[in-house]
Each structure stands twice: as structure tokens, then as C-alpha cells.
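Mind the numbering: the sequence shown is residues 1 to 272 in UniProt numbering, read in order.
What follows is a short report on a single structure.
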Amino acid sequence: MPDATQDPLLEVNNIEVIYNHVILVLKGVSLSVPKGGITALLGGNGAGKTTTLKAISNLLQSERGEVTKGQITYRGAPVQGMDPAALVKQGVIQVMEGRHCFEHLTVEENLLTGAYTRSDGRAAIARDLEMVYSYFPRLKERRKSQAGYTSGGEQQMCAMGRALMSRPETILLDEPSMGLAPQLVEQIFEIVKAVNEGEGVTFLLAEQNTNVALRYAHHGYILESGRVVMDGPAEALRENPDVKEFYLGMSEQGRKSFRDVRSYRRRKRWLA
Ligand SMILES: Nc1ncnc2c1ncn2[C@@H]1O[C@H](COP(=O)(O)OP(=O)(O)OP(=O)(O)O)[C@@H](O)[C@H]1O
Ligand SMILES: [Mg+2]
């Protein structure tokens with residue numbers, strides 16, 4: 001199993017992100033993504049998952065966001081300030097939350113747009129199209145359909161397939177389960193696993209669905225209010241009582257946060 005301490009491909013070191021010059025959203029986030037692994041970035045609404053992924057892929061600028069502290073390195077070299085297309089050439093591609101496909105293009109045309117940064121010729125691209133279809137047979141069936149008319153699950157597949165067409169080393173996958181029925185979510189994660197094992201693609205995926213993410217990831221980081229509150233091998237996180245209580249099983253009051261747990265414990269100690 002890939003170990004986060006060995007051969008880190010992507011490293012985020014103590015980054016701070018501020019939106020609109022004033023809104024501090026990430027408050028010192030660090031994480032390490034090992035080559036060939038599936039790393040999950042977990043946490044509830046507004047925890048900072050998407051912001052972390054966008055900081056890595058340099059997509060914050062268009063949102064008036066800025067990395068104001070810390071470093072991000074890929075294969076040991078800093079990637080801050082690199083434009084997203086240059087990063088794709090380095091092998092890092094992001095699949096955005098909400099699966100952005102070109103609605104008016106067919107599924108196959110969408111997939112082909114993913115190959116635009118490549119210069120290795122049509123035969124290689126045609127081979128990779130077949131590779132994508134082997135992981136996503138559903139896309140092959142729908143290849144002539146206009147993407148805007150396909151289902152949410154198919155659009156997620158289309159967005160992932162399009163990313164694969166750039167022959168990435170690393171995919172940053174934002175909330176692949178969003179709005180999908182449980183069975184489809186499972187199917188999407190099975191494909192992530194198959195691509196990880198079959199093509200050796202490294203994944204960093206952001207997910208609110210802790211349960212499914214921790215069953216497929218090797219390592220997980222839990223974010224709360226812009227800070228990593230816990231990380232560890234997925235297996236250990238699945239067994240952790242706090243994770244079980246606050247992220248896996250819903251308690252009666254719904255989801256609480258680690259901060260509540262901590263202050264509760266502090267109170268208990270105080271009173272004891
Ligand atoms: N462009 C922006 N300008 C100002 N604040 C923003 C912007 N984008 C995000 N935020 C704020 O930053 C915080 C983190 O948001 P982010 O989208 O990273 O969370 P997330 O973990 O991806 O949440 P979700 O699970 O809902 O997608 C939130 O409080 C959000 O309101
Ligand atoms: Mg998000």
C-alpha cells in the first residue's frame with residue numbers, strides 16, 4: 001500500500017488561502033500525496049476541500065483567492081504561480097466539482113477535448129479513447145449523445161474520462177459523489193480504484209461522503225474550518241471512534257464537529 005511518508009509526489013506545506021484579501025479560509029493546511037495512492041480530503045460543507053484542490057491547481061485566481069503562506073510542490077518543485085495548462089503538462093489535472101462537460105458537444109467530443117495538451121499523435125489518442133471506454137463502458141454506449149442530455153452519473157464519468165485523456169499522473173477529483181444515487185457513487189469509486197490500479201494514476205479526492213471515500217482511499221485527511229484536524233491510513237480512520245461518531249454514523253443531533261468534541265472533553269476534564 002502506498003505510504004504517505006514514502007515518495008510524496010505532491011506536497012502541500014502549511015498553506016494559507018485568503019479570498020478577496022480578507023476572508024481567511026485555509027489556516028495552515030499540510031498534506032502529502034504519495035505516488036500511486038488514493039488520498040481522500042474529507043470534511044463537511046465549507047471545510048475548505050475545494051479551496052485546497054484549487055490552490056494546488058492554481059484555479060483560485062479567477063475566484064479572487066490567493067495562497068498567502070506556505071508552499072506547494074510537485075515532484076519536489078514548486079508549482080505556485082504555474083498556470084493550470086502548464087500543470088496539466090506536468091501531469092496534474094483537476095476534475096471540478098459539478099462535472100463540467102461541454103453540454104453541446106457529444107460525449108466523445110468531450111473526451112477528445114481532454115487530449116488538447118498532447119502532441120503524441122492521433123493513433124495514441126485513439127488508443128487512449130479505447131482505454132477510457134474500457135473503464136467507462138457506459139460512455140462508449142453514449143458516445144454520440146450530446147453531453148447536456150446525459151445523466152448526472154454519465155456526466156461525472158465524462159468529466160473523469162476527459163481528464164484521463166490528458167494521460168495524467170495525478171487527478172484532483174472534487175466531490176465525485178455529489179448528487180448521485182448510492183449505487184452510482186459506488187460505481188464511480190470502483191472506477192477510481194480500477195484506474196488507480198490499472199493505470200497507476202494517483203488520486204487526491206475531496207469528498208463529503210466519508211464512508212465511501214474511506215473504503216476506497218489509502219489515506220485520509222479530515223478538514224474542519226480550514227484546518228486538518230486528523231489524518232491517517234484510511235483503515236485507522238474508519239476504526240477511529242471520533243470519526244465513527246461524527247463522520248460515519250450520524251448521531252441523533254446530526255453531524256457534530258471535532259471542535260465540539262474537544263470542547264466537550266475539555267469541559268468534562270474541567271468538571272472532573
Ligand atoms: N470565491 C470565494 N470567495 C469567498 N469565500 C469563498 C469563496 N469560495 C469559497 N469560499 C468560502 O471558503 C470556505 C471553504 O469553501 P470550500 O468550497 O473550499 O469548501 P468545501 O469543503 O469544498 O465545501 P463543500 O463540501 O460544500 O464543497 C467556505 O466558507 C466558503 O464560503
Ligand atoms: Mg467543495
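All C-beta atoms in this analysis are idealised placements derived from N, C-alpha and C, irrespective of residue type, glycine included.
Original post:
Can the beta-carbon of L204 be found closer than 7 Å to that of T39?
Top reply: yes
**OP:** With a threshold of 16 other CB atoms inside 10 Å of the CB of G161, please say whether the residue is buried or exposed.
**Re:** buried
**OP:** Give the single residue among A217, V229, D174 whose Cα lies nearest to the Cα of E190.
**Re:** A217
Subject >> Best match in V22, K27, H21, V95 for proximity to L53 [C-alpha to C-alpha] >> reply: V95
Original post:
So, helix, strand or coil for E175, using DSSP?
Top reply: coil
Subject >> Proximity test, residue 326 beta-carbon vs ligand 2 heavy atom, cut-off 6 Å >> reply: Lying outside 1 to 272, the shown extent of the chain, residue 326 is not represented and no answer is given.
Original post:
Between which two residues does the beta strand (DSSP E) containing T202 stretch?
Top reply: 202-207
Original post:
Whose beta carbon lies closer than 7 Å to any heavy atom of ligand 2, going through the chain in order?
Top reply: K49, T50, E97, D174, E175, A206
**OP:** Verify whether the separation of the beta carbon atoms of P8 and S32 is less than 7 Å.
**Re:** yes
Subject >> Contact set for K144: own chain, Cβ-Cβ below 8 Å, skip 5 residues either direction >> reply: T106, V107, E108
Original post:
Alpha carbon to alpha carbon, how far is Y135 from P176?
Top reply: 16 Å
Subject >> Own chain, CB closer than 6 Å to residue 281, minus 5 neighbours either side, in chain order >> reply: There is no way to answer for residue 281, as the model of the chain reaches only from 1 to 272.
Original post:
Relative to the alpha-carbon of G70, which residue among P78, E141, R127 has its alpha-carbon at the smallest distance?
Top reply: P78
Original post:
Taking 6 Å as the cut-off, does the CB of I15 come closer than this to any heavy atom belonging to ligand 1?
Top reply: no
Subject >> L248 versus H219, I171, S225, Q208, residue with shortest Cα-Cα distance >> reply: Q208
**OP:** For L24, collect the residues of the same chain with a Cβ closer than 6 Å to its Cβ; drop the 5 residues on either side in sequence, then sort them by chain order.
**Re:** I18
**OP:** Enumerate in chain order the residues of its own chain whose CB-to-CB distance from E66 is below 6 Å, with the five nearest sequence positions on each side excluded.
**Re:** I18
Original post:
From this set, I15, R64, K49, N14, which residue's C-alpha is nearest L172's C-alpha?
Top reply: K49
**OP:** With a threshold of 6 Å, establish whether the CB of I191 neighbours any heavy atom of ligand 1.
**Re:** no
Original post:
So is T150 buried or exposed if we call it buried at 16+ other beta carbons inside 10 Å?
Top reply: buried
Subject >> Any non-hydrogen atom of ligand 1 within 6 Å of N45 CB >> reply: yes
Original post:
Among residues of its own chain, excluding the 5 on either side of G81, which ones have a beta-carbon nearer than 8 Å to its beta-carbon?
Top reply: N58
Original post:
In the DSSP assignment, what residue or residues form a beta bridge with A40?
Top reply: L205, G220
**OP:** Consult DSSP for P182 and reduce its assignment to one of helix, strand or coil.
**Re:** helix
Original post:
Do residue 278 and G153 have their CB atoms nearer than 7 Å?
Top reply: What the structure shows of the chain is the stretch from 1 to 272, and residue 278 is not part of that stretch, so it cannot be assessed.
Subject >> Simplified DSSP assignment, three categories, for K27 >> reply: strand
Original post:
Sorted by chain position, which residues of the same chain lie with C-beta nearer than 7 Å to G91's C-beta, five sequence neighbours on each side aside?
Top reply: P168, E169, T170
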